[in-house]
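Everything on this sheet refers to the single structure shown next.
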Amino acid sequence: MNTKIRCTLVILYFLGGYIGQSQTIHSTLKDAQTQETIPYANILLSNDRGVISNGEGQFTLHIKNKITEQDSLFISYMGYEPKAIPLLHFKDSIIYLHQKAIELNSVMISNKQYTPNEIMKLVNENLSKNYPATLRKKRIFYRQSYHQKFDKMDYTFIKSSIKAINKNLLDSLQRSVPRKEDHYTEILCDLYGNFDRKQQKILLLKACELYDKENQINLTSIEKKFKKILIDNVKPNSYLKIKSGLFGTKIEASELFKFQKDTTDAEALQKEIAAKKKREETRKTNFSKYKRNSLGTLFEDLFFLKDSKLNFVRKSNRYDFTLKDFTYVGENPVYILNFEPKWRADYRGTLYINADDFAVIRVDYSNVKPLKSISLFGISYKEHIAKGKLFFTKGADSTYHLRYLEKETGGIAGIRRPLKIIEKNKHVKGRRKQNELSLKLDLLITSLNKSEIVIFDSTDISTSSFNAYKEKNVLLPTYLPAYDPSFWEGHSIIAPNEAIKAFTVKKEIVL
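Just so you know, we're using the numbering used here here: the sequence shown kicks off at 17 and counts up by one.
Laid out in structure tokens, this is it:
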């Protein structure tokens with residue numbers, strides 16, 4: 017055989033094998049007419065596994081099994097024609113969807129013309145049938161985004177009897193405090209249980225954290241610097257009285273000195289190593305427990321559960337509903353209802369309800385007033401943002417399962433109070449007060465928290481299987497100083513938005 021032909025056949029063989037093996041798909045959904053991106057669309061494989069597009073219409077899907085000519089990607093979104101794309105030769109970085117023409121009259125004739133209140137009554141009557149509280153094993157991708165910013169960080173220096181603590185030092189420390197913090201945490205896990213936080217167990221599979229570690233180093237440096245000054249100027253048998261207005265707390269000076277270890281002592285060094293190992297195990301346990309509890313807290317607010325804060329379904333009498341539209345999700349007819357609060361209710365939004373079985377398949381909601389507002393003794397807090405989205409899909413058992421959850425909360429905290437740090441000592445002659453630092457604080461902090469959950473697989477498990485599973489806390493998140501697209505290579509996740517992609521640690525000079 018000709019050498020060139022043989023080489024060509026070998027190359028084609030390997031290319032064919034490569035095409036037929038696992039691959040990762042990245043693409044963006046857009047409206048074919050307006051060119052606008054389409055967020056939160058369902059992207060499913062032939063075997064009903066898939067993802068959801070993010071808020072910018074982007075999705076990433078990893079396909080592990082060998083791809084055949086029969087495999088296709090199915091894309092659906094409310095009001096659009098569903099689309100099927102063969103996977104074997106998939107190359108589109110942009111996928112266009114066409115709006116679906118809906119003949120309202122024929123639809124409404126074939127269905128009883130319910131009023132919005134009658135629809136909501138039927139939704140409530142079918143809650144337990146549509147959303148069973150069974151034990152399930154769920155494969156979950158969970159992303160938390162936390163943003164904090166100091167809008168104001170002022171202080172008024174009054175006096176200090178410790179020469180090293182003066183206005184110049186405090187100004188330097190003030191300049192060193194990070195004004196802004198962005199922190200992202202992502203985990204892939206299996207969650208066992210139902211939607212009761214006390215009936216859940218977690219298995220962490222992979223995790224990462226994306227943040228600026230320099231911020232923590234700066235804060236630790238400030239803490240050490242201030243602590244050293246206190247150690248150098250405070251007597252070991254003194255105690256510190258920290259007062260802010262009418263309130264005060266007491267700290268023994270021995271607390272300042274107890275971390276000064278002599279690592280030249282072999283026994284002390286071994287104790288420190290053992291303590292470090294114990295702290296590491298505690299970190300693993302706490303990280304796992306915190307993520308489990310965070311997921312549990314999010315699930316407890318699902319609208320179909322009793323005592324949910326999202327009460328616009330179970331306590332629909334507190335809201336006004338209007339029929340906004342009628343559309344399709346695939347072949348399923350869907351009512352679109354807007355709701356507004358009556359009296360003192362908290363939310364407004366939109367419900368998407370299957371017209372055949374009256375299951376809520378999507379919810380968009382936002383608060384109409386601050387959910388929390390506190391102002392007392394110079395300390396204030398207002399939770400002025402509380403919004404989210406919920407998406408559900410119908411399973412083979414004809415019941416509905418959570419597919420995607422998004423929740424965003426934001427608050428503004430303020431502190432305008434005096435602060436005094438007073439050293440007192442009852443073991444010296446004369447007055448007990450030894451030193452004093454006095455100033456006034458004026459701080460304003462805004463924060464924004466966002467959680468996103470995608471549930472890829474959800475299968476029923478027995479009570480005995482749930483009870484038999486024992487949590488294993490052996491994983492800590494991998495630190496990433498910048499977005500790394502290769503970290504989740506081989507896993508289907510909700511695609512990161514542009515803010516996450518652009519995140520990188522900026523080096524700053526600490527004064």
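Virtual Cβ for every residue (Gly too), placed ideally from N, Cα, C.
{"query": "Nearest to L61 (by Cα), restricted to the options I135, T76, D413", "result": "T76"}
{"query": "Assigned exposure category for N121 - 16 Cβ within 10 Å defines buried", "result": "Since pLDDT at N121 reaches only 45, below the 50 mark, its modelled position is unreliable, and no value is offered."}
{"query": "The stretch 463-470 in contact with the stretch 157-176 per 3-pair CB rule at 8 Å", "result": "yes"}
{"query": "The stretch 435-447 contacting the stretch 128-141, beta-carbon criterion three pairs below 8 Å", "result": "no"}
{"query": "Pairwise C-alpha distance: N231 and F166", "result": "13 Å"}
{"query": "Proximity to R432 [Cα-Cα], best of H417, S396, I401", "result": "S396"}
{"query": "Top-ranked residue by Cα proximity to N309, from S389, L207, I369", "result": "L207"}
{"query": "Same chain, Cβ closer than 6 Å to S508, five either side skipped, listed in chain order", "result": "V67, L77, H78"}
{"query": "Rounded distance between the beta-carbons of Q216 and G312, thought under 8 Å", "result": "5 Å"}
{"query": "Beta-carbon proximity list for I503, same chain, < 8 Å, skipping 5 on both sides", "result": "Before going further, note that residue 503 is Phe rather than Ile in the sequence given. Closer than 8 Å at Cβ, skipping near neighbours: C224, T494, L496."}
{"query": "For N309, the residue or residues it bridges with in DSSP", "result": "According to DSSP, which records beta bridges pairwise, N309 is partnered with nothing at all."}
{"query": "For Y363 and S389, the rounded distance between their alpha carbons", "result": "16 Å"}
{"query": "Straight-line Cα distance separating L367 from Y344", "result": "14 Å"}
{"query": "Opposing strand residues paired with I424 [DSSP bridges]", "result": "Per the sequence shown, residue 424 should be read as Glu rather than Ile. K403, K466."}
{"query": "Where S324 falls: helix, strand or coil (DSSP)", "result": "coil"}
{"query": "Counterpart residues of T343 in DSSP-defined beta bridges", "result": "V350"}
{"query": "The stretch 40-58 in contact with the stretch 476-483 per 3-pair CB rule at 8 Å", "result": "no"}
{"query": "Span of the alpha helix (DSSP H) around M169", "result": "Careful: M169 lies outside any alpha helix (DSSP H), inside the beta strand (DSSP E) at 152-176."}
{"query": "D198, enclosing beta strand (DSSP E) - first and last residue", "result": "196-209"}
{"query": "Inter-residue CB distance, I181 and I245 (contact presumed, cutoff 8 Å)", "result": "6 Å"}
{"query": "Rounded separation between F242 and L353 - CA only", "result": "58 Å"}
{"query": "Beta-bridge pairing of R364 - partner residues as DSSP gives them", "result": "S382"}
{"query": "The stretch 445-461 contacting the stretch 166-177, beta-carbon criterion three pairs below 8 Å", "result": "yes"}
{"query": "Per DSSP, the bridge partner or partners of G66", "result": "L60"}
{"query": "Assigned secondary structure, S109 (DSSP; H/G/I helix, E/B strand, else coil)", "result": "coil"}
{"query": "Within 9 Å, strictly: CB atoms of K405 and R378", "result": "yes"}
{"query": "Residue closest to G506, alpha-carbon to alpha-carbon, out of T236, S188, N81", "result": "N81"}
{"query": "Beta-carbon contacts of V350 that lie in its chain and below 8 Å, excluding the five residues immediately before and after", "result": "M94, F342, T343, Y344, Y368, I369, N370, A371, I377"}
{"query": "C-beta atoms of L189 and L491 nearer than 9 Å", "result": "no"}
{"query": "Beta carbon proximity, K107 to chain C, threshold 9 Å", "result": "Absent from the structure: chain C. Only one protein chain is present."}
{"query": "Per-residue burial, S109 [other beta carbons within 10 Å of its own, 16 or more giving buried]", "result": "exposed"}
{"query": "Separation of Q115 from V123, as counted between CA atoms", "result": "Low confidence applies here, because V123 scores a pLDDT of 49, under 50, leaving its location unreliable and the question unanswered by this model."}
{"query": "Terminal residues of the beta strand (DSSP E) in which A223 lies", "result": "216-227"}
{"query": "CB contact flag (F6, L204, <9 Å)", "result": "Residue 6 is absent from the structure shown; the chain starts at 17 and stops at 527."}
{"query": "Unbroken beta strand (DSSP E) run spanning K179, endpoints", "result": "Taken as a continuous stretch (DSSP letters only), K179 belongs to no beta strand (DSSP E), as it is neither H nor E."}
{"query": "Contacts around I125, its chain only, beta-carbon distance under 6 Å, and the 5 residues preceding and following it disregarded", "result": "Reliability of the predicted coordinates at I125 is poor, the pLDDT of 44 falling under 50, and no value is obtained from them."}
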